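Residue numbers (my numbering): 7 to 551. Ideal placement from N, C-alpha and C gives every residue a C-beta, glycine not left out. These numbers were taken from a predicted model, which means no experiment stands behind them.
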Ligand code: F6P
């Protein structure tokens, strides 16, 4: 962001004032605050009223979005502009769920043609596996799908199939292998019958070592159970943008599902990377997921900035991190079904905006992407919420839940929701010295006891939160929720002027691992390394059996 523009300067001056405000007072002086600072879109309530913002701050933030031209960047993304600057590629995960199929051109050809061909192929595979038409090498139907992939080729499908378990008819069970630690694949394969397993090797690049190592182990496992030459053909498919490597691995051409370089790995669950979702839930449910995301895309594309949920969520995040100096962001779902949502969003957000130079390669003088973390909120209440309420650093948090319970079991959901609502209230209001004293006196505690305890029980409050409430967790609303966050990440990248769609920062570690691997394998002394690396390699080699 250009720190010398008017909106930036205005917001900076406002941020100094904010230190004197308390959310409790903002609510007390404005009974319409919730009405003003919440919106309902696609059956999702987004309440941002418990943030340290005023009308003036929100106006300044919208001005900032206009000054950095979010609207024209958004138009460029949706029309296939090459906004992935360092890789010179379009960013078109939105095309994957463009259910209106309006043309989107890349290098003169309409990508919607390729997408619909691939969707047809996915549907055929899904129907064939789920109906039992597709048989394993011994003639038995496929009962289990093992997705082998990591990062964006794992987290999206796994998060979604976990979230939508309720919608699975269990015709096909899905399992996930991402870690190159052999314990995971060994555990996953142990109970499975090779005659009835389909492996999906998911890798955009088809060069990721973790995935290829696991894929080779899976192939050995299958081949150990069969002398049938056609076994791999009946049991392996690939999803990739690198057909040549998939073929080299031994996947038959017809079993390869296409992905394109204009789909970022962390935004790829809408493509054939989503096959485990379709196989587990049926193709109709996969389409509903796409439709939910499409609805959010349309909202993002067409709503004025002032009532645009992803834009507002992005601006609030920028306000908290860049202007108020809060560097982390918790994501706290209360629904069990969303137990992987924070992990998924951690990759989507941190791999996108965890950058320190701007589009011109210049160091940015302000903080950019937040440290995203979190887990199920109700469990967190009994773990790290102590820090949220009384810790030294202020951690803004997104609270996410659904109005409808996923079951009809009585006596749980109201209690869950009471906690969900109470926590953001407590983080907002806090409890001051006088209130603590009164509370303890009412309990009949002595004055010395109270004097000892009072400061430990004070909660400063004034801790910002967003509340996101879905009507229910279903394929449509989940699609919309994921797209909400995707667009939030996009808008923040534009404001911070960082290249949200590359991930150069993951390369160095991979290269060094490739250098260290032969040193672990070879005998003899290690050279050309720092003393810690030599020490670690030697310890490992001397200690292993
Ligand atoms: O190492 C990071 C990363 O490149 C992610 O961006 C990506 O989602 C993941 O690895 C997996 O990559 P691939 O799908 O090419 O195997």
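Which partner residues does residue i have in the DSSP bridge list?
i: residue 403; result: 336, 471
i: residue 299; result: DSSP, once it has assigned bridges, lists no residue as partnering residue 299.
i: residue 309; result: BP columns for residue 309 are empty, so no partner.
i: residue 278; result: Answer is none; residue 278 lacks a bridge partner.
i: residue 246; result: 264
i: residue 115; result: 112
i: residue 409; result: DSSP output for residue 409 lists no bridge partner at all.
i: residue 183; result: 154
i: residue 521; result: Paired residues: none, contrary to the question.
i: residue 425; result: Bridge partners of residue 425: none, in fact.
i: residue 46; result: 51
i: residue 363; result: 369
i: residue 560; result: Since the displayed the chain opens at 7 and closes at 551, residue 560 lies outside it and no answer follows.
i: residue 465; result: 437
i: residue 379; result: 336
i: residue 141; result: 147
Relative to the alpha-carbon of residue i, which residue among the options has its alpha-carbon at the smallest distance?
i: residue 148; options: 138, 156, 154; result: 138
i: residue 65; options: 313, 466, 304, 180; result: 313
i: residue 70; options: 185, 159, 325, 249; result: 325
i: residue 502; options: 220, 301, 358; result: 358
i: residue 500; options: 462, 112, 511, 366; result: 366
i: residue 146; options: 255, 450, 171, 204; result: 204
i: residue 72; options: 550, 181, 311; result: 311
i: residue 278; options: 300, 250, 332, 209; result: 209
i: residue 411; options: 128, 479, 63; result: 479
i: residue 61; options: 113, 447, 32, 46; result: 32
i: residue 230; options: 201, 256, 245, 250; result: 201
i: residue 275; options: 448, 57, 488, 23; result: 488
i: residue 143; options: 125, 233, 303; result: 233
i: residue 267; options: 237, 549, 89; result: 89
i: residue 150; options: 161, 136, 173, 162; result: 136
i: residue 255; options: 426, 539, 222, 549; result: 222
Is residue i close to chain C? Criterion is C-beta to C-beta, closer than 8 Å.
i: residue 29; result: Considering every chain present, this structure includes no chain C. It has just one protein chain.
Taking the CB atoms as reference points, tell me whether residue i and residue j lie closer together than 8 Å.
i: residue 18; j: residue 329; result: yes
i: residue 206; j: residue 258; result: no
i: residue 344; j: residue 169; result: yes
i: residue 497; j: residue 317; result: yes
i: residue 243; j: residue 220; result: no
i: residue 9; j: residue 371; result: yes
i: residue 346; j: residue 165; result: yes
i: residue 446; j: residue 437; result: no
i: residue 481; j: residue 294; result: yes
i: residue 30; j: residue 397; result: no
i: residue 431; j: residue 387; result: no
i: residue 348; j: residue 381; result: yes
i: residue 11; j: residue 322; result: no
i: residue 284; j: residue 292; result: yes
i: residue 350; j: residue 162; result: yes
i: residue 465; j: residue 521; result: no
i: residue 216; j: residue 188; result: no
Around the C-beta of residue i, are 16 or more other C-beta atoms found within 10 angstroms, so that it is buried, or is it exposed?
i: residue 262; result: buried
i: residue 241; result: buried
i: residue 34; result: exposed
i: residue 305; result: buried
i: residue 512; result: exposed
i: residue 419; result: buried
i: residue 530; result: exposed
i: residue 286; result: buried
i: residue 92; result: exposed
i: residue 6; result: Here the chain comprises residues numbered 7 to 551, so residue 6 is not present and cannot be evaluated.
i: residue 341; result: buried
i: residue 453; result: exposed
Residues in the same chain with beta-carbon distance under 8 Å from residue i, minus the five sequence neighbours each way, listed in chain order, please.
i: residue 110; result: 84, 85, 86, 98, 101, 104, 116, 117, 118
i: residue 483; result: 48, 49, 50, 298, 408, 476, 477
i: residue 377; result: 333, 334, 335, 356
i: residue 536; result: none
i: residue 41; result: none
Residues in its own chain within less than 6 Å of residue i by CB, not counting five upstream and five downstream?
i: residue 320; result: 494, 497, 498
i: residue 289; result: 129, 132
i: residue 406; result: 339, 474
i: residue 249; result: 262
i: residue 82; result: 89
i: residue 525; result: 532, 543
By Cβ distance, which residues of its chain are closer than 7 Å to residue i, with the 5 residues on each side in sequence left out?
i: residue 246; result: 209, 210, 212, 252, 262, 265
i: residue 400; result: 332, 469
i: residue 44; result: 51, 52, 53, 54, 55
i: residue 195; result: 227
i: residue 236; result: 143
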